[in-house]
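Chain order of the listed sequences is R and C.
So for the first sequence, UniProt numbering puts the first residue at 1; every next one is plus one.
So for the second sequence, UniProt numbering puts the first residue at 1; every next one is plus one.
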Amino acid sequence: MKPGVRLANAFYVMVLPAFLLFFIFHTIPVIQGIYYSFTDSPGYGPANFVGLRNYIALFTDPRVLHAYWFTFLIAAVATVLVNIVSLAIAVGLNGRIKFKNGLRGIYFIPNVLAILVVGYIFNYLFSNSVPALATKIGIDSLSTSLLTKASTAWIAIVILAVWQSAAFNIIIYIAGLQTVPTEMYEASNLDGASAWRQFRSITFPMIAGFFTINMVLSLKGFLQIFDHIVALTGGGPGTDTESVALLIYKGGFQGGEYGYQSANSVIFFIVIVGFSIVQLRVLQRREVEV
Amino acid sequence: MLLVLALLAGSALAGCSSDNRTTITFFQFKAEAQQYFQQLAAQFERANPDIRVVVDNPADPETALRTRLVKNDVPDVMTLNGNGTFGEFASAKIFRDFRDDPVLADVNPAYLSVTGSLGAGSKGEVNGVPFAANASGLLYNKELFAEQGVAVPTTFDELIAAAKKFQAAGITPFYGTLADAWTAQSPLAPLSAQLQPADFFQQRFEGRTTFAEGWRSTAAELAELYRYTQPDPLSKGYEDGTAAFARGESAMLLLGSYAVPQIRDGKPGFTVASMALPATNDPAKTSLVSGVDVVLTASRNGAHPAESSKFINFLMGTKVMQDYCAAQVAIPTLKGLTNDDPALTGVQSYIRSGRIVGFTDHQFIQAIPLGPLLQEFLITGDENTFLRKLDSDWDKVAKRRTWGLGAVIKS
């Protein structure tokens with residue numbers, strides 16, 4: 001027997017457990033969920049097959065449509081902000097500064113904290129500390145909690161989301177920045193390029209791949225936003241800050257509309273995959289051009 | 001070392017198998033009474049050495065129970081809140097039919113009809129045993145009322161006048177806790193019960209009336225009450241409210257008797273009193289909203305029906321119920337038992353004379369976001385939008401579901 005064949009077998013054996021786990025705990029539930037999306041099951045007890053009725057009802061349900069709109073808003077704003085913030089911090093942390101490693105550690109902390117725990121702390125800050133401070137300084141617009149108005153609650157959610165996920169993006173950007181050869185900066189220095197010019201013409205194009213990954217991962221993550229909202233507003237005031245994931249949880253598990261929200265999950269799954277593919281294509285084409 | 005561990009594990013397993021007691025699971029929803037029920041279970045185990053009771057008291061119990069139901073893992077014995085979710089589960093044929101069970105013999109029939117109106121597996125079934133009831137009216141601070149010379153209001157106008165008087169004296173009349181959206185349902189229930197047409201929900205289930213018609217005055221009065229809260233009621237929740245009330249920061253609290261243990265938690269000697277919430281200007285029309293705070297029930301097809309019955313009978317014992325109600329400031333459901341807690345004095349006459357109605361909000365299943373809609377309404381004050389959204393959400397859910405909503409009336 002040729003050694004190559006034996007090697008291939010070994011690879012299959014190594015991949016098999018992961019494949020089985022993925023299939024049992026991911027693929028089968030997905031298929032089950034698709035099945036439930038065609039029933040009126042509450043998740044238990046008797047259920048009937050209802051065809052496409054759940055899907056039709058979804059597109060005429062203002063609560064569902066609002067959740068999609070709200071999720072897209074949060075995801076778009078947070079994705080842009082988190083990339084600006086983390087790229088700026090990463091460039092700073094990559095420079096010749098004191099306590100570089102210590103600072104890098106500190107900036108990474110939000111990533112290891114549980115979002116729910118941090119969320120409740122932010123909730124306290126937004127509903128008590130910020131208004132108290134604003135009243136003292138005399139900023140009327142901030143004297144009531146951001147979380148209590150539909151028009152401002154999303155800002156609080158974005159602040160928490162960006163704060164928390166910047167940590168991970170910073171790490172990726174720092175990794176990216178370290179792949180840029182220092183000779184290029186030395187050469188551009190000799191040519192008299194400004195710091196901004198260096199960033200625009202050397203740094204940013206050189207880390208385009210990392211930018212793509214960060215954009216795709218952030219958008220995917222923020223589309224599934226859940227814990228932040230649970231901790232800050234619980235979907236309120238009213239149902240104004242309900243994201244799609246929260247609505248699926250609330251309606252499916254608390255509201256007893258398992259079938260209906262399964263249909264919503266199927267749609268949401270397609271939407272997220274679609275977004276990620278389009279985004280990846282567009283951003284990677286940009287990488288090639290540079 | 002490994003050998004020792006293996007031996008230990010072996011002996012532990014052997015220990016389990018030599019224990020030939022029957023194990024029943026007891027799902028307990030009430031977080032406040034967690035320890036209390038655990039002690040009761042231990043007491044029951046001592047009296048019945050052949051039965052082991054495993055008490056399961058999860059956080060967010062309704063969701064936890066739903067996830068267990070998905071796995072077809074129905075606990076043997078359960079305590080649940082007598083609300084819309086209970087009715088929903090009952091109509092999904094999850095619970096046992098207690099119709100002919102002698103345990104119901106001494107239960108006050110008023111409470112049986114309250115749980116019956118929530119939903120049942122089929123017509124005539126009784127799917128739960130009422131264990132403790134509550135009174136949802138209005139809690140007030142006796143000392144502040146005496147200090148300001150305000151008499152206990154018996155009409156809606158008097159209630160508003162009292163609120164104005166407190167406000168003029170610089171005391172918050174009602175403490176708003178809208179961060180927990182459900183708290184607004186507490187005053188909603190007595191207001192709507194007194195102001196809606198008598199057969200309103202039956203008509204609504206049949207699609208012959210709307211909330212815009214039947215609940216207009218309810219919405220107006222509810223909005224009026226919330227005009228007398230502290231500024232920014234949306235940033236405070238249930239626990240903030242009970243704590244602030246106990247500190248004397250507000251004269252009244254729009255919550256029921258179930259909040260009393262929480263209020264006394266930090267301040268045991270606090271003189272909290274209660275009254276029925278008047279919605280009209282005719283004191284004779286005032287009724288008390290009383291629901292079943294704790295309903296006992298068992299799995300329909302449980303593996304240990306005899307042991308489960310034994311445990312339910314034990315919990316329904318006179319002494320157990322009396323003690324529980326005293327500890328939790330609840331109203332006993334057995335005929336002849338009363339609770340003399342001073343916090344219940346103001347509503348006692350309604351209970352004795354049976355001027356009791358069930359919670360109207362329990363007719364809403366969870367899929368209709370009543371709490372969030374109320375929260376939004378009380379911030380914006382936009383009555384028309386609220387009633388319209390309530391109607392459209394109700395119709396939408398009714399249209400896309402083939403069961404659940406309205407099962408009460410059909411059965």
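The beta carbon of each residue, even a glycine, is placed where N, CA and C say it ideally should be.
Note that the coordinates shown come from a computational prediction; the quantities given were computed from them, not determined experimentally.
Around the C-beta of Glu-287(R), fewer than 16 other C-beta atoms lie within 10 Å, and the residue is accordingly described as exposed.
For Pro-261(C), no beta strand (DSSP E) segment is defined; the enclosing uninterrupted segment is the alpha helix (DSSP H) at 260-266. Judged by their CB atoms, Val-55(C) and Phe-37(C) are nearer to each other than the 8 Å cut-off. Nearest CB-CB separation between Lys-165(C) and chain R: not below the 8 Å threshold. Counting only runs of 4+ residues, the alpha helix (DSSP H) found wholly inside the region 72-151 of chain R occupies 100-112, 115-124, 130-137, in chain order. Scanning chain R for C-beta atoms nearer than 8 Å to the C-beta of Gln-363(C) yields nothing, as the closest lies near 15 Å away.
Taking 9 Å as the Cβ-Cβ cut-off, the region 209-242 of chain C approaches chain R at Pro-231, Asp-232, Pro-233, Leu-234, Ser-235, Lys-236, given in chain order. Contact residues of the region 105-130 of chain R toward chain C are Ser-127, Asn-128 (C-beta to C-beta distance below 8 Å). The bridge partners DSSP lists for Asn-141(C) are Val-272(C). DSSP links Met-316(C) through a beta bridge to no other residue. Contact of Ala-92(C) with chain R by beta-carbon distance below 8 Å involves Pro-42, Tyr-44, Gly-45, Pro-46. Ile-379(C) has a beta carbon lying within less than 8 Å of a beta carbon in chain R.
When DSSP reads this structure, Ala-133(C) sits in a beta bridge with Val-292(C), Ile-331(C). The criterion of a C-beta distance shorter than 8 Å is satisfied by Ser-218(R) and Asn-83(R).
If you draw a straight line from the Cα of Thr-67(C) to the Cα of Lys-142(C), it is about 44 Å long. Residue burial is scored here from C-beta neighbours: Gln-363(C) has at least 16 other C-beta atoms within 10 angstroms and is therefore classed as buried.
Three or more Cβ pairs closer than 8 Å define a contact, and the region 25-40 of chain R falls short of that threshold against the region 60-74 of chain C. The beta-carbon separation of Met-252(C) and Leu-138(C), rounded to 6 Å, stays under the 8 Å limit for a contact.
Taking 8 Å as the threshold, the shortest C-beta distance from Tyr-12(R) to chain C does not fall below it.
Residue contact check for Thr-135(R) against chain C: no CB pair falls below 8 Å.
Closest by C-alpha distance to Ala-88(R), out of Ala-245(R), Leu-177(R), Ala-263(R), Thr-241(R), is Leu-177(R). DSSP places Arg-388(C) in the uninterrupted alpha helix (DSSP H) bounded by 383-400.
When secondary structure is reduced to three states using DSSP, Asp-240(C) falls in the helix class.
Among the residues facing chain R, Arg-66(C) is included, as its CB has a counterpart in that chain under 8 Å away.
Within the DSSP bridge table, the entry for Ala-298(C) names Val-77(C) as partners. When C-beta atoms of the region 117-126 of chain C are compared with those of the region 75-86 of chain C, three or more pairs fall below 8 Å, so the two segments count as touching. Around the Cβ of Met-215(R), a 10 Å sphere holds 16 or more other Cβ atoms; the residue is buried.
One Cα belongs to Lys-100(R), the other to Glu-183(R), and the distance between them is close to 22 Å. The beta-carbon of Gly-238(R) is placed less than 8 Å from the nearest beta-carbon of chain C. A straight-line Cα-Cα distance of about 29 Å links Ala-273(C) and Phe-377(C). Put simply, the CB of Lys-123(C) is far from chain R, with every gap to its CB atoms at 8 Å or more. Phe-95(C) sits in a strand when the DSSP states are folded into three classes.
By the beta-carbon neighbour count (other beta carbons within 10 angstroms, threshold 16), Leu-20(R) is exposed. In terms of beta-carbon proximity, Thr-241(R) stays away from the interface with chain C, with every pair separated by 8 Å or more.
Contact of Gly-138(R) with chain C is not assigned, every C-beta pair being separated by 8 Å or more. For Thr-239(R), the three-state secondary structure derived from DSSP is coil.
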